[in-house]
Every structure is written in structure tokens, then in C-alpha cells.
Amino acid sequence: MGFWFQSHNTHSTQQQLLFLVVLLLDTTLKRQHWGLDTKELRRSVEQARYKGINVKAMVIINPGNPTGQCLSQENLREVLQFCYEENLVLLGDEVYQTNIYQDERPFISSKKVLMDMGPPISKEQQLVCFHSVSKGYFGECGQRGGYFEMTNIPPETVDEIYKVASISLSPNVPAQIFMGLMVNPPKPGDISYDQFVRESKGILESLRRRARIMTDGFNSCRNVVCNFTEGAMYSFPQIKLPPRAIEAAKQARKAPDVYYCLKLLEATGISTVPGSGFGQKDGYFHLRTTILPLEEEMPAIMGEF
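Right, dumping it as C-alpha cells:
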């Protein structure tokens, strides 16, 4: 059984637990702000089926990890139509939906686009959307609070999912409290509303400035090209490595970007994730890093690159 992933290490490692085959789309698709190309999607699925893999679902991460993109409404329509035609369940990882750092490309939910498309697709396409307190302005990764919403999933499947969830231990109490606060935040007139708006706005504005500092910093480096982080918490610059560096990596029996990230860690103490872990196309090299360091420390950190 195969799952098609837009790419993220946490998702792909689940294959080892669930005995799945993961199909990765290469992450060099920079056209239209890292938009997904349905021709490439179809080619990937057809190739997998030719090999005897039963492709069952597709995962998209929007806003994106590692690319930091926000998918457009048109691109989401194309993806939903593709899944409908190919009989694939769409799993929408939307945990970064409040982490948006520009006004031109807002977050648009997969469910909204699906409902706007109307019947028959809005009544038939199976969709599961995920959200979490780990991201956004909460950033409470340690609380382990999250949920998913199922649309057009057969009742018998929902029953089985409920059964599987029921045999697990209940989420911890703080996580449930955080979830309640996330889905029911302070409202105008509440005693904490003004403070909530001030603090949440301040966090997101700071993240927007940090995203700009990091993007500008990478683009000022020689042999580095970086798209602006439209959303999420990551920057994903492309690094252009000279032949001698690629040869040194070969001698060390490392992928070139892995070798680069290890040398960067040794020289500066900065930990990054090589793009080869996300299914990048052969001959291209990227690294993922986060925009989360303190804002006042960002200029010095970018100076280390």
C-alpha cells in the first residue's frame, strides 16, 4: 500500500511503523511559490502503480514544511480534482495555518476549497484536515494537543478510527485545555481579550520580521538562493556546491548536502536539516533551518552562514 507525500520527515518515518511505501515529489518545484504540479503528481502515481504499488492517499502540508509556501486556491483546486480523479484520500496537514508572514498569499483551507467546488466532488472527495497547538502563536509542542476533522469519510471507516483511538490513553489534561483555548479563544468583551490580541499579534509580527531577516541573509550569501518564507516556521534555501565539495562528500560517503550541514554544524554550532531528507531532485541541494531564534539574535546567526 502506498501513500503519496508532499514531503516531511515525520510523516515519512511513519511508513516503518505502518508498513507503507512513501512516494515523494521532488522539492525543486519553485514555480508559482513551490506550487504543486499536477502533471508531476500524475506521473508519480502512474509510475508507482506500474510498480504494483496501491496508492491510497496523498498528504499536503500547507503552509509548507520545509518550503514555507502557502498554496493558492487554484493550486488546491487542482490537487483536490486530481485526488478525486485518482480516488485518493487527501490528508491536509494545516498545523501552520496561523503562521502567515505576508498578505498576498493567505492560508486557505482545503475544506473551504472543496466545499466551494460544489457537487459532486464536494460530496464525494474524502478529506482529513489536521491542526495542533504545537504551532501558531501558541507554539506548545510539548503539550501534544491536536485534532483532525474528517469530511466525506464513510461512517464505517469513522467507526474503525474511533475504535483505534479508544484503545489509546487519553490526551493529558493540559493538552486538552490548550485545545479548548485554541478552538475557543477570548472574544471581544472578555477580560483577557485585549491582552490576547496584543500578545498573539506581537508574536506573529516578530516571526514575520525574522522570516525577512533570514531570507535577506541567505540571499546575500554567495551561491545561495532562498524563497521568502510565506508561512510555517522554516526557511529552505538552495545551496550551490562546487565540484570539490561534492567530491569531498563522496569521499566521506555522505550525500553532498548532508556533508555540508555536518561541516556547518562543526564550524558554527548551527544545526540544519539536509534537503535530501525531503526528497529533493538529484543534483539540487537544500537545507532547512528554522526562523524561531530570538529576533535580536537573528542578525548574528545569519552572519555565521
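In case it helps, mature numbering (1 follows the signal peptide of the UniProt record, and there is no 0) puts the sequence shown at residues -31 to -1, 1 to 274.
The beta-carbon is built from N, C-alpha and C at its ideal position, and this holds for glycine as well.
Keep in mind the model is a prediction, meaning the values are calculated, not measured.
Distances from the CA of E55 to each of E15, V242, G61 were compared; the closest alpha carbon is that of E15. Take the alpha-carbon of R167 and the one of S79: they are about 29 Å apart. Contact check for V97 and L60: beta-carbon distance about 5 Å, within the 8 Å limit, so the pair qualifies. Between F147 and G171, the CB-CB gap reaches or exceeds 8 Å. According to the DSSP assignment, M27 belongs to no alpha helix (DSSP H) but to the beta strand (DSSP E) extending over 24 to 30. Distance between S175 and M267, taken at the CA atoms: about 11 Å.
For R12, the number of other beta carbons within 10 angstroms of its own is below 16, and it is reported as exposed.
Scanning I29, V48, R191, S41 for the CA closest to the CA of K8 turns up V48. Considered as a whole, the stretch 136 to 171 harbours no complete run of any beta strand (DSSP E) with no fewer than 3 residues. The alpha-carbon separation between C110 and P123 amounts to approximately 31 Å. Judged by DSSP in its simplified three-state form, V133 adopts helix. Counting C-beta atoms within 10 angstroms of its own C-beta, L263 has fewer than 16 neighbours from the protein chains shown and is therefore classed as exposed.
Under the criterion of beta carbons closer than 8 Å, N68 and K92 do not qualify as touching, at roughly 31 Å. If you draw a straight line from the Cα of L173 to the Cα of K104, it comes to about 11 Å. Each of E43, E273, A214 was checked against the Cα of Y228, and the nearest Cα belongs to A214.
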